[in-house]
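Novice: Let me give you the structure first, and then I'll get to my questions.
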Amino acid sequence: MTLTYIDFFCGAGGSSAGAERVPGVKAALAANHWDKAIASHSANFPDADHFLGDLHDADVAKFPAADLFWASPECPKWSTARGVKRDFDKQPDLFGETLPDAATDRSRALMWDVPRYLEAMAARGKPVLAGVVENVIDVRAWDLWTRWVQDIRDLGYATRLIALNSMHARPAVTPVAPQSRDRLYLAYWLRELGRTPDWDKWLRPRAWCTGCQEWVRAVQAFKRPGADMGRYRQQYAYRCPHVTCRNQVVEPPVVPAASIIDWSLPGQRVGGRTKPLADKTLARIEAGLRRYAGADGTPPFLVPLRSGRNRSLLAGRDPLATVVADGGNHGLTTAATAPGALLVPTEGRDGKSATAAIEPLRTQTARNETGLAWLPFIAELRGGSSDARPVLDALATVTASGNHHGLALPAAAPVDWSALLTPYYGKGTARPVAEPVGTMTTRDCYALATGRNSGVVEVDDVLFRMLEPHEIGAAMTFLPDYVVVGNKREKVRQFGNAVTSNVAEVLVSALVEAVTGQELATGWAA
């Protein structure tokens, strides 16, 4: 059985890539206002039709009908009162590149385009069977949220509001995102189908419970009674479902930011740069060194480069922090005297710290705001509470405003677990490359920091570079052969604006099961 799929605000195609990995799903049409995004999507989905233009002004009633519908409207942050977004896309990144006005004046169409298309298809007698709306979690505070959801329900749909971090979505095919990226998803399906998606199967990650001494299917638990949306660790945690351990907090396994770092690319010695790094970036690298670069060879860390909540150093074994559309926000840092890298935030806002590259990358935005510094670690280069994280952690969030991740690392490192990803904006801290990278934005915001020898680590001896677009794309779960057109700045923007494909595959799989009644496999062991 083939189910057709339509993708509004498709970007480069992260959501489409995940959806098409679900058996029987085929992209029929993708729509976006930016020619670069449509060119990228067309290169990877040549059999799909494409619409280039402002969807809010389009006659969607003339669009083809589809069984499944994905929409990612209004990605930039909303205010808690009126849904007004803030747009950082016009800020130049470290490459000195800016986007054309046409690409920045209107990044997303309005939320109302979703029920408008659903209503048009229902009027034609070809209702959409199921779909997903993806957005930043802040949209939950929109003053018209309840009315908007009710409009969808009034068209005959049941709904499920989902708070999900990309590093916890484990589908059957797409790799797990090595990035900590919190997003809101509203899933909906026709009530007349008579089936409800098995959300426990798809949304409850496996985790080791030290109290029960066994693997369990963790339960999402919000810290504030009545809450239904928020960020992982800040507003909710995962708990063991068993009362024998008093439902203790558990940590699902994650993929480190180090898994997406190209260790063949060298960094530049901080003390030998013709243009010195910003004082805040240097401070994040230094903080990452203090935290992760002991003489015992501690891992690299990631440094967030822009401002935001909880912008702390991450280990390289942790996931990257969220990748957003406003830049590359992660730097990788490693010390000359210890094996390890830091991801260093390089954006100018406060509150960012470097993290180790053994952690997930922080959220990626549309700007590259992360530098890489050896040991190595990731330096986060924009404002916020995070300065660096280890490369074993997840990468911080990737955004669309630029590359906010810098990588600091040693002169020669095959896989340098001491490197740090260092943020170069704001107050972010470096994190080890063994952690997921922080959120990736559409600007460069992380740098990589690494080092060379053993003994006392000096900031001037740290090797530092920004994460490259192909590394940011990998943090967003784009495969190596995926085609993204444009210059470096435009590629980072497309990656940071994208949906991580692993989440799209998970959510579409759950909906397809409800539509067809046929069971599909997940990536979690039984």
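Yeah, the sequence shown ends on 702 if you go by our numbering, and it's all consecutive.
Ideal Cβ placement from N, Cα and C applies to all residues, glycine included.
1. For a test of the three-state rule: what should DSSP assign to Glu390, helix, strand or coil?
2. What span of residues does the beta strand (DSSP E) with His344 cover, start to end?
3. Nearest-angstrom Cα distance between Ala203 and Arg367?
4. I need the straight-line Cα distance from Leu596 to Trp375, nearest angstrom please.
5. Have a look at the DSSP bridge pairing and note the partners of Pro547.
6. Ignore the nearest five residues each way along the sequence and tell me which others in Gly699's own chain have a CB closer than 6 Å to its CB.
7. In the structure shown, what three-state DSSP assignment does Gln424 receive?
8. Taking Cβ positions, are Met642 and Ala623 nearer each other than 8 Å?
9. On the three-state DSSP scale, how would you describe Ser594?
10. Pick out whichever of Ala241, Ala206, Gly387 and Ala242 has its Cα sitting closest to the Cα of Gly229.
11. Exposed or buried, Trp210, counting other C-beta atoms within 10 Å across all chains shown (16 or more means buried)?
12. Any idea what DSSP makes of Thr322, helix, strand or coil?
13. Starting from the C-beta of Gly693, find all residues in its chain whose C-beta is less than 7 Å away, skip the five residues before and the five after it, and write them out in chain order.
14. How close, in whole Å, do the beta carbons of Ala564 and Ala606 come, if the pair is a contact with beta carbons under 8 Å?
15. Could you pull the start and end residues of the beta strand (DSSP E) that Leu687 belongs to?
16. What residues in its chain sit with their C-beta under 6 Å from that of Phe227, if we drop five residues either side in the sequence?
17. Would Lys456 pass as an interface residue toward chain D - the criterion being a Cβ-Cβ separation below 8 Å?
18. State yes or no: is the C-beta of Cys621 within less than 8 Å of the C-beta of Asn673?
19. Since Asp526 is in the beta strand (DSSP E), which residue starts that stretch and which ends it?
20. Locate the beta strand (DSSP E) running through Thr180, then write down its first and last residues.
21. Based on Cα-Cα distance, which residue from Ala242, Leu458 and Ala213 lies nearest to Asn663?
22. What did DSSP end up calling Leu228 once you bin it into helix, strand or coil?
23. How many Å lie between Ala193 and Thr522 at the Cα?
Specialist: On the basis of the coordinates in this document:
1. DSSP places Glu390 in strand when its eight states are reduced to three.
2. Run containing His344: none; DSSP gives neither H nor E here.
3. In this structure, the straight-line span from the alpha carbon of Ala203 to that of Arg367 is close to 24 Å.
4. Looking at the backbone, the Cα of Leu596 and that of Trp375 are separated by about 36 Å.
5. The sequence given here places Gly at residue 547; Pro does not occur at that position. Partner(s): Val520 and Met642.
6. The residues are Arg346, Pro347 and Ala348.
7. In the structure shown, Gln424 sits in coil (DSSP, three-state: anything other than H, G, I, E or B).
8. Closer than 8 Å, so yes.
9. In the structure shown, Ser594 sits in coil (DSSP, three-state: anything other than H, G, I, E or B).
10. Nearest to Gly229 by C-alpha distance, out of Ala241, Ala206, Gly387 and Ala242, is Ala206.
11. By the neighbour-count criterion, in which a residue is buried when 16 or more other Cβ atoms sit within 10 angstroms of its Cβ, Trp210 is buried.
12. DSSP places Thr322 in the helix class (H, G or I) of the three-state scheme.
13. Arg371.
14. Indeed they touch by this definition, with Cβ atoms about 1 Å apart.
15. Per DSSP, Leu687 belongs to no beta strand (DSSP E); it is in the alpha helix (DSSP H), Ser677 to Thr692.
16. Excluding positions up to five away in sequence, the list reads Ala207.
17. Structure shown: chain D not included; a single protein chain is present.
18. For Cys621 and Asn673, no; Cβs fall outside 8 Å.
19. Where Asp526 is concerned, there is no enclosing beta strand (DSSP E), given that its DSSP letter is neither H nor E.
20. Counting along the chain, the beta strand (DSSP E) containing Thr180 begins and ends at Leu179 to Phe184.
21. Scanning Ala242, Leu458 and Ala213 for the CA closest to the CA of Asn663 turns up Ala213.
22. In the three-state reduction of the DSSP assignment, Leu228 falls in the strand class.
23. Rounded to the nearest angstrom, the two C-alpha atoms are 30 Å apart.
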